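First residue of the sequence shown? That's 303 in my numbering, and the numbers climb one at a time after it. Glycine residues also receive a C-beta, built at the ideal position from the N, C-alpha and C atoms. Just so you know, these numbers come straight off a predicted model, no measurement behind them. Reviewing the structure listed below.
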Amino acid sequence: MGDQGHPGHDGHPHTGSPASGVGLAGHSHSHGQGQGRGHGQGHGHGHAHGPAEPVSTHLRKVIAAVLIPFAAAVVAGLIVLWPGGAPAHPHTGVGFDQETQSGRVVTVEEKPCQELGAGTGSEQQGATPGQTPGPSPTSKADSGTCVRATIKVTSGKDRGRTFTEIVRPDQLRRYHEGQGVVLAYAPKAPKELQYSVGDVERGFPTALLAGIFALAVIVVGRWRGVMALVALAISFLVLTMFILPAILHGSDPLVVAVVGGSAIMLVALYLCHGLSARTSVAVLGTLISLLLIGLLGSWFIDWARLTGNTSDETGLVHALYPGIEIQGLLLAGVIIGSLGVLDDVTVTQTSAVWELKAANPAMSARQLYLAGIRIGRDHIASTVNTLVLAYAGAALPLLLLFSIARSGVATVATSEIVAEEIVRTLVGSIGLVASVPVTTALAALLAAADKGGGTGGGGRESGGRAGGGRDGGKGAATGPVRRGGGGRRRRTQ
Numbered sequence: 303m304g305d306q307g308h309p310g311h312d313g314h315p316h317t318g319s320p321a322s323g324v325g326l327a328g329h330s331h332s333h334g335q336g337q338g339r340g341h342g343q344g345h346g347h348g349h350a351h352g353p354a355e356p357v358s359t360h361l362r363k364v365i366a367a368v369l370i371p372f373a374a375a376v377v378a379g380l381i382v383l384w385p386g387g388a389p390a391h392p393h394t395g396v397g398f399d400q401e402t403q404s405g406r407v408v409t410v411e412e413k414p415c416q417e418l419g420a421g422t423g424s425e426q427q428g429a430t431p432g433q434t435p436g437p438s439p440t441s442k443a444d445s446g447t448c449v450r451a452t453i454k455v456t457s458g459k460d461r462g463r464t465f466t467e468i469v470r471p472d473q474l475r476r477y478h479e480g481q482g483v484v485l486a487y488a489p490k491a492p493k494e495l496q497y498s499v500g501d502v503e504r505g506f507p508t509a510l511l512a513g514i515f516a517l518a519v520i521v522v523g524r525w526r527g528v529m530a531l532v533a534l535a536i537s538f539l540v541l542t543m544f545i546l547p548a549i550l551h552g553s554d555p556l557v558v559a560v561v562g563g564s565a566i567m568l569v570a571l572y573l574c575h576g577l578s579a580r581t582s583v584a585v586l587g588t589l590i591s592l593l594l595i596g597l598l599g600s601w602f603i604d605w606a607r608l609t610g611n612t613s614d615e616t617g618l619v620h621a622l623y624p625g626i627e628i629q630g631l632l633l634a635g636v637i638i639g640s641l642g643v644l645d646d647v648t649v650t651q652t653s654a655v656w657e658l659k660a661a662n663p664a665m666s667a668r669q670l671y672l673a674g675i676r677i678g679r680d681h682i683a684s685t686v687n688t689l690v691l692a693y694a695g696a697a698l699p700l701l702l703l704f705s706i707a708r709s710g711v712a713t714v715a716t717s718e719i720v721a722e723e724i725v726r727t728l729v730g731s732i733g734l735v736a737s738v739p740v741t742t743a744l745a746a747l748l749a750a751a752d753k754g755g756g757t758g759g760g761g762r763e764s765g766g767r768a769g770g771g772r773d774g775g776k777g778a779a780t781g782p783v784r785r786g787g788g789g790r791r792r793r794t795q
C-alpha cells in the first residue's frame, strides 16, 4: 500500500499518445505525485514520439478523391458558362426596365384636391412616364386635401429642371422638403410627361443597417465573423456576376444554379470553417442534399405542370429574353434558396459528431450516428418551421388576397401561384430533413474510422484536447492504473 507509483519495471509507463497537455510536442514529459496511506511517492513519465495526425492519411485520400474532382468540375463549369456580363437590350420603360435619374423634393404644399384638379390633370402622381394619366377612380379623394410636391431633377442632361407631382389622400406615398427621390425618365414622351417619381432614395438607412449587421457579426464572431462577411460578399459576386448573367445569356438555369450554388458552397464553407475533414464532410452532405432537391424539384415541377410564370417580374423577364426557360428558372430558385439553410444544418451535424467522438473516443460509428441523430431531430424541428415561415412571410400579401376572396383551401392550394410556393417549400424541406441523417452518417463513419483524430494530439480538428483531455496535463498520480481512451493512463487513489 506504500508505493504503488511504478507499474513498469523501470517506473516509466510508455503510452501511444502524449500524457501531457501539449499535443503538438514531439516528446512530452509529465510528472505526477500522489500520497497513499503510507508516505510513498510515485512518478509517472509519458513519452510520445511525434504528434498524431488530425485525420488519418487514408481518410484524407478518400475525402480528396471525392472532393477534388467535384471542385475541378465546378471550376470547369464556371469557365465554360462564364457569361462576361449581362446582354444589352433596349429599355422598354416597364417596371425596373426603364431609365432613371435622381431628384430632390424642393417644396411641399397642401391644397384642396378640387383646386389642384387631382385625378384629372397631368400632375397625377403615379403615372407612367410617356403615358397620359387617367381619371382617379376614387371620388372621395377629389374632395379632400391633396399635396403638391415640386421635384427638381438633380442628374442627367435636364439637371435643374422642375416638375410637380400630386399626392391624393388615398395614396400612401408622402413627401417632405429635401427628400431624395428616384425619377423614371421617358425620353420619347412629351416634355411635360418625361419625368415622374418612381421611388424614394433609401441609400443611407440601408447602408446604416448593413453596417450594424456587419458590426454585430464581427463583434460576436470575431475573426470567423469577418470570414463570414467575406464569404457573403463572394456569394453575392457569384450571384450577380455569374448566375444571373449566365441565365440571361440563355444557359440552362438548372445547370447554372448547380454550378454557381456549388461554387458558393465551397467558398462559404471552407472560408468560414477552415480546410478540415469536418468541413469536407459538411460539403459532401450538402452536395448530396442538393442533388436530392434538384431531382425532387424537377419531378414535381413537371408533374404539377408549373410554368414559373406567375408574377409580373417573370412575365417581364420572359418578354425581354424569350429564350430563358422560365420553368428551369423556378427550379434554380428552389436550389439556391435551399443552399443557405443546408449549410447551417450540415455544419452543425458534422461538428456535433466530431465533438461526441472527442468526448468519448471509444464510440463506434453506430453509437456516434445514434447520438448525432438525436441532436439532429431537434435541429430539424426548428429549421423546417423556420423555412416554412420564411416562405409564408414572403407570400403574406398573396395569402391575404386569397383570404379576401374567401376561396376554399383546396382551390387556393392548387392554384399555380400558391402551388409554386408549396412545391418550393416542401422540396426544400425534404432536402433539409434528408441532410441530417446523410451528414450524420458520413461524419460518424469518418470519425469512427479515423485513427489519428480524437486521440492524443488531434487538436481542434479531432475535437479532442491535446494529450487526451484535462487529466493528461496533470500527469500520472499514484494509485491503481486505469486505462482511458486513446492510450492515456490515469492513476486514482
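Residue i: buried (16+ other C-beta within 10 angstroms of its C-beta) or exposed?
i	result
P699	exposed
L510	exposed
G770	Legend: pLDDT at G770 = 40, less than 50; position of this residue unreliable, value from coordinates given subsequently. Answer is buried; the Cβ neighbour count reaches 16.
A367	exposed
T741	buried
D752	buried
G730	buried
G733	buried
I595	buried
T716	exposed
I514	exposed
L539	exposed
V711	exposed
Using a threshold of 7 Å, state whether the C-beta atoms of residue i and residue j are closer than that.
i	j	result
L641	G563	yes
I682	A654	no
S537	L383	no
L593	T581	no
E479	V499	no
I628	T616	yes
L658	L670	yes
L415	G446	First, the amino acid is wrong: residue 415 is Cys here, not Leu. Contact flag set, yes.
C574	A533	yes
E412	V449	yes
S684	S591	no
R406	T464	no
A388	L550	yes
L556	A634	yes
V410	Y477	yes
What is the DSSP secondary structure of residue i, counted as helix, strand or coil?
i	result
T456	coil
T508	helix
P371	helix
K493	helix
Y693	helix
I381	helix
P663	coil
Q669	helix
T609	coil
A486	strand
G387	coil
A537	Reading the sequence as shown, one finds Ser at residue 537 and not Ala. The answer is helix: DSSP assigns S537 an H, G or I state.
I468	strand
G552	coil
R676	helix
D752	coil
Q403	strand
G500	strand
Compute the Euclidean distance between the alpha carbons of residue i and residue j, then round it to the nearest angstrom.
i	j	result
T612	R526	40 Å
R668	I675	10 Å
K454	V408	6 Å
E417	V484	27 Å
P492	I566	47 Å
L474	F506	21 Å
A530	L644	16 Å
V469	A451	8 Å
I603	L597	10 Å
L748	I365	9 Å
V521	Y693	30 Å
V558	G695	27 Å
P320	R362	The predicted model places P320 with a pLDDT of 37, which falls under 50 and marks its position as unreliable, so this point remains unresolved.
A516	V735	30 Å
G774	D646	Here G774 scores only 40 on pLDDT, less than 50, and its place in the model is too uncertain to base an answer on.
Taking the alpha carbon of residue i as the reference point, which residue from the options has its own alpha carbon closest?
i	options	result
A660	E722, A745 and G710	A745
G301	A518, K459 and I545	With the chain represented from 303 up to 795, any question about residue 301 goes unanswered, as that position is not in the structure.
I719	V735, L701 and V583	L701
D460	E412, G419, Q403 and R476	Q403
E723	Q496, I370, A373 and G599	G599
V561	A579, G610, I638 and T650	I638
Taking 6 Å as the cut-off, does the CB of residue i come closer than this to any heavy atom belonging to the ligand COA?
i	result
S653	The ligand COA is not part of the structure shown, which contains no ligands of any sort.
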